[in-house]
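Asker: In my numbering, the protein residues as written are 97 to 388.
Quick reminder that beta carbons are idealized off the backbone N, C-alpha and C, glycines included.
This one's a predicted model, so the numbers in the text were calculated from it and none came from an experiment.
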Ligand code: NAD
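#1: Are the beta-carbon atoms belonging to residue 322 and residue 345 less than 8 Å from one another?
#2: Between the stretch 205 to 214 and the stretch 343 to 357, do three or more beta carbon pairs fall short of 8 Å?
#3: Mind listing, in chain order, the continuous alpha helix (DSSP H) runs of no fewer than 4 residues lying wholly within the stretch 226 to 297?
#4: Where do the ends of the alpha helix (DSSP H) carrying residue 349 lie?
#5: Quick one: any contact between the stretch 133 to 143 and the stretch 102 to 121, if contact means 3 or more CB pairs under 8 Å?
#6: Go ahead and pull the three-state DSSP assignment for residue 112.
#7: DSSP puts residue 345 in a beta bridge; with which residues?
#8: Give the secondary structure of residue 188 by DSSP, where H, G and I count as helix, E and B as strand, and everything else as coil.
#9: So residue 196 is in the alpha helix (DSSP H); what residue range does that whole segment cover?
#10: Taking 7 Å as the cut-off, is the C-beta of residue 306 nearer than that to any heavy atom in the ligand NAD?
#11: From the DSSP output, which residues share a beta bridge with residue 386?
#12: Of the choices 236, 246, 277, whose alpha-carbon is the least far from that of residue 253?
#13: Quick check on the burial criterion: 16 or more other C-beta atoms within 10 angstroms. Buried or exposed for residue 238?
#14: Does the ligand NAD have a heavy atom nearer than 7 Å to the CB of residue 242?
#15: Quick one: grab the DSSP three-state call for residue 125.
#16: If you count every other CB in all the chains shown that lies within 10 Å of the CB of residue 243, and 16 or more means buried, which is it?
#17: Tell me whether residue 365 counts as near the ligand NAD, meaning its Cβ is closer than 7 Å to at least one heavy atom of that ligand.
#18: For residue 141, does the three-state DSSP call read helix, strand or coil?
#19: Let me make sure I understand the geometry here. Which of 365, 193, 332 has the alpha-carbon closest to that of residue 269?
#20: Buried or exposed: where does residue 372 fall if 16 or more other Cβ atoms within 10 Å of its Cβ makes it buried?
#21: Would you say residue 286 touches the ligand NAD, meaning its beta carbon is less than 7 Å from a heavy atom?
#22: Who does residue 312 pair with in a DSSP beta bridge?
#23: In the DSSP assignment, the beta strand (DSSP E) including residue 324 goes from what residue to what residue?
#24: State the Cα-Cα distance for the pair residue 306 and residue 328, rounded to the nearest angstrom.
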């Protein structure tokens, strides 16, 4: 059994992005510039945006965080987005989700210029991805593909079971793994799936992205399977200083001995998500998906 080390892969990818940025800057280009809009005081969102800022610094990007109060109206946010769309100094930007309830996330996503949509959530990028055209791939599924690539895990002809059908993880993951080059036969499971345990147990590769702590148990996993755990759930703990710990969607200690490869939580998929965002921003700066 091999533990997939997301921290190691993320560090290697960050080094390679940093080298490329240093070369670009030495050749006279400006450093890629990523902007994050943060609305309100949500603690988890502030942490995520902080990590993104730190990662930008590590790879040599410029990073700007636009902090807006929780009572910002939808119209005000859309105006900010229009400003960033038009600003030639900004290569890519994200609006950190979730947004306060009075703002439509879908309207916000669709207001972002697809050329600057480095989260890859705009329907133009989603549509291009599904059609197999160059696009900004959503960061978490893209990070998982990078892990599979790094470890040389065979996917062609394998049965991959994806648990979860969200727009940001399950659905794009299932689509990408079925595409040419990855060539999996994919089954998507969701909250209404019948015989879920049997379906998951038939997977050569299982991607658990449902957000239910320790849902996947050893009896649901085929011997020798590759298990990718996307879930992050905070649970109280008296063993940590913070008073809480993170659990994945997989009951790790039980499942790991049956696997050929498994991602831990934390330290598996998590570190990859931010690196994928950096890769998309680099592509935006270079005009790789949409020529400038
Ligand atoms: P979501 O809540 O949007 O979607 C969950 C999906 O799981 C839904 O499609 C639902 O149908 C399915 N589901 C729910 N209960 C189920 C059940 N009992 N059986 C089968 N399917 C069920 O969540 P999301 O945004 O896709 O995130 C999923 C998990 O991944 C969360 O824990 C989230 O925190 C985590 N996440 C981690 C990263 C990372 O970087 N590691 C990134 C994004 C999300």
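Answerer: Considering the structure as presented:
#1: no
#2: no
#3: 235 to 246, 266 to 274, 292 to 297
#4: 348 to 351
#5: no
#6: helix
#7: Looking at the DSSP assignment, residue 345 forms no beta bridge with any residue, so it has no partner.
#8: strand
#9: Element bounds for residue 196: n/a, residue is neither H nor E.
#10: yes
#11: DSSP output for residue 386 lists no bridge partner at all.
#12: 277
#13: buried
#14: no
#15: coil
#16: buried
#17: yes
#18: helix
#19: 365
#20: buried
#21: yes
#22: 346
#23: 322 to 325
#24: 9 Å
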